[in-house]
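Read through the structure below, which is laid out as structure tokens, and then see the notes.
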Amino acid sequence: MAHYRQVGPVPDKRHTLFKDDDGSILYEELMGEEGFSSDSSLLYHRHIPSGIVGARHWELPDQTLTPNEPLLPRHLKPHDLFTDAQAATTDAVTGRQLVLGNADVRISYAHVGATSPLYKNAIGDECVYVERGSALVETQLGALEASEGDYVIIPRAMIHRWVLREGETARLYFIEATSHIAPPKRYLSRYGQLLEHAPYCERDLRGPTEPLLREEQDVEVHIKHRGRGPSGITGTVHTVPEHPFDVVGWDGCLYPYTFNIRDYMPITGKVHQPPPAHQVFEGNNFVICNFVPRKVDYHELSVPVPYYHSNVDSDEVMFYVDGDYEARKGSGIAKGSISLHPGGHAHGPQPGAVEASLGAEYFDETAVMVDTFRPLDLGVGGVATDDGVYARSWTGGRWITDEDGA
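Note that UniProt numbering has the sequence shown beginning at 1, numbered continuously upward.
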């Protein structure tokens, strides 16, 4: 987003000779979007950033996608993917498991306790929600503390790693785009400033504050990029001659940042507000919304839980983070659950939820929602953790089987 920052020294004029304190030339790199036509930053390196001294294939975590057939709403339990013992040796790059995906966005999950390798997503931006725990995200432009409730926005091709402190773990929810991720356009002025009606502002965004310099030779960087395999995605490991954290200064409008869900100011109304009122970010063909603790509708006849709705143009994915989600009571949904409500299926509150909500003044719930405008398939993590019975939750468990017992 177009919010200018400068960290460390930069020359008075861009694209001019710039030297370090010892007289060594610093190498300028433009990191920019849309072929020099959108947001960018200028980085000043101690070493030539193009150097490669080795390359090998990286076998990515399983990217297999299985169609949601027969078409059903699903309840997925990503907490079941990792035991505590497994988490201790799992990292945020090589250990994430794909839960849902399509050509525009992939949703993964990981419970991590190990520091990741250096990593670059060359396909699109990443938005990582920290469900529990904390980590230090080290990037070429500086370090970011990532704590419970933080969204971490990492631009495409930004080299970074997730550092876990000894004995600590973090639960991470990954939203990987094949595009860029930014605040909704309706929140922004034509020059990129967050407007008065936006539910957050630039003061809430935390970017790097000082350079992060490392001196090390022959360093490996894991790269996720487009390929010819069945998923269209593959991986490569580059060995670079100098550590990529050699940026002494940078400035511009493209950089990683964090935003905490607690700083989101919910929009409420006299009657129930639709999901776009809860939007926080958007990418190509998908949006990200969050539901936070808030006062609810105050019309004398208001129904605080959502009305039933058909996702005519989208699939809806809800990640239930905290609180007591009123509309899903009795369905088996709990903290850490993911629900998938696909286009073509009308969904809404569980039986009894409407009646139970009447007269409520406040909802204590936290959830992250992704709405996609193309159908989502199930990743290996989704297939493995589908409870198999959620579709029956609106009818008291009643289910008609076919002749084969399916």
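Virtual Cβ for every residue (Gly too), placed ideally from N, Cα, C. These numbers were taken from a predicted model, which means no experiment stands behind them.
- Between A170 and A135, the CB-CB gap stays under 8 angstroms.
- Look at the beta carbons and you see the region 320-335 touching the region 365-376: at least three pairs across the two are nearer than 8 angstroms.
- DSSP, reduced to helix, strand and coil, places Q140 outside both helices and strands of the structure shown, so it counts as coil.
- A distance below 8 angstroms between beta-carbons, with the five flanking residues on each side excluded, links G397 to the following residues of its chain, in chain order: V389.
- With fewer than 16 neighbouring CB atoms inside 10 Å of its own CB, W399 falls in the exposed class.
- In this structure, the straight-line span from the alpha carbon of T372 to that of P274 is close to 16 angstroms.
- The beta carbon of T258 sits closer than 7 angstroms to those of L144, A146, D150, Y151, V152 and R206, all from its chain and outside the five residues before and after it, given in chain order.
- Approximately 6 angstroms separates the beta-carbon atoms of V317 and I107; this is inside 8 angstroms, confirming the contact.
- Residues of the same chain with a CB within less than 7 angstroms of the CB of P78, apart from the 5 flanking positions on each side, are V99, Y109, G336, I338, G381 and T385 in chain order.
- The DSSP-derived three-state label of Y191 is coil.
- Burial check for F36: the Cβ neighbour count within 10 Å stays below 16, so the residue is exposed.
- DSSP places P276 within a helical segment (H, G or I) once states are collapsed to three.
- Ranking L26, K13 and H15 by CA distance to the CA of V247 puts L26 first.
- For Y109, the pairing in a beta bridge is given by DSSP as Q97 and Y173.
- At a Cβ-Cβ threshold of 8 angstroms, L212 and F174 do not count as neighbours.
- Using a C-beta cut-off of 8 angstroms, the region 60-69 makes contact with the region 223-235, since at least three inter-stretch Cβ pairs fall below that distance.
- Secondary structure at Q63: coil, using DSSP grouped into helix, strand and coil.
- Beta-bridge analysis with DSSP links R74 to L340.
- Contact between S314 and H272 does not hold, since their C-beta atoms are separated by about 18 angstroms, which reaches or exceeds 8 angstroms.
- In the DSSP assignment, D84 falls within the alpha helix (DSSP H) that extends over D84 to A87.
- A direct Cα-to-Cα measurement between G192 and E34 gives close to 16 angstroms.
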